[in-house]
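For what it's worth, the working numbering labels the leading residue of the sequence shown as 1445, then goes sequentially.
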Amino acid sequence: MTDILAITVDMKVYNGYIEYCRFTLGGGRQDAEELFERLSGIADIGLALPLRLSLVNLSAAPNEVLAIKYCRLDELAWNCRLITKEIFNHYNLG
């Protein structure tokens, strides 16, 4: 079975985080990991910063979190642009 990978975007709220956006990725695990590495932000260092990106394997039960990054709002805007561009390229340019 092929893994279904996604990048989720979460926002810190009073009792934890809520997911408000999910980018389902095409391609394989290596492509997803390489894309995630290119995203702006800092790796999970135990901080509870307001914006969190997670690389998630949706095929696993429960969903497996493969990596986490925290970012600022300006970095999130750049990251969303990059993710959208890569998904577009995958599905339209092969």
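Don't be surprised by glycine CBs; every beta carbon is placed ideally from N, CA and C.
Delimiting residues of the alpha helix (DSSP H) encompassing residue i
i: Arg1466; result: That residue, Arg1466, is in no alpha helix (DSSP H); its beta strand (DSSP E) goes 1460 to 1468.
i: Ile1527; result: 1517 to 1537
Residues bridged to residue i (per DSSP)
i: Lys1456; result: Tyr1461
i: Ile1512; result: Ser1498
i: Ile1451; result: Phe1467, Leu1499
Cα-Cα separation between residue i and residue j, rounded to whole angstroms
i: Asn1536; j: Leu1491; result: 37 Å
i: Leu1493; j: Lys1456; result: 7 Å
i: Glu1478; j: Pro1506; result: 23 Å
i: Leu1520; j: Ser1484; result: 8 Å
i: Ala1504; j: Gly1460; result: 22 Å
Sub-9 Å separation of residue i and residue j beta-carbons
i: Arg1473; j: Leu1449; result: yes
i: Leu1502; j: Asp1454; result: no
i: Ile1531; j: Phe1480; result: no
i: Ile1512; j: Leu1499; result: yes
Environment of residue i [buried if 16+ CB atoms lie within 10 Å]
i: Asn1523; result: buried
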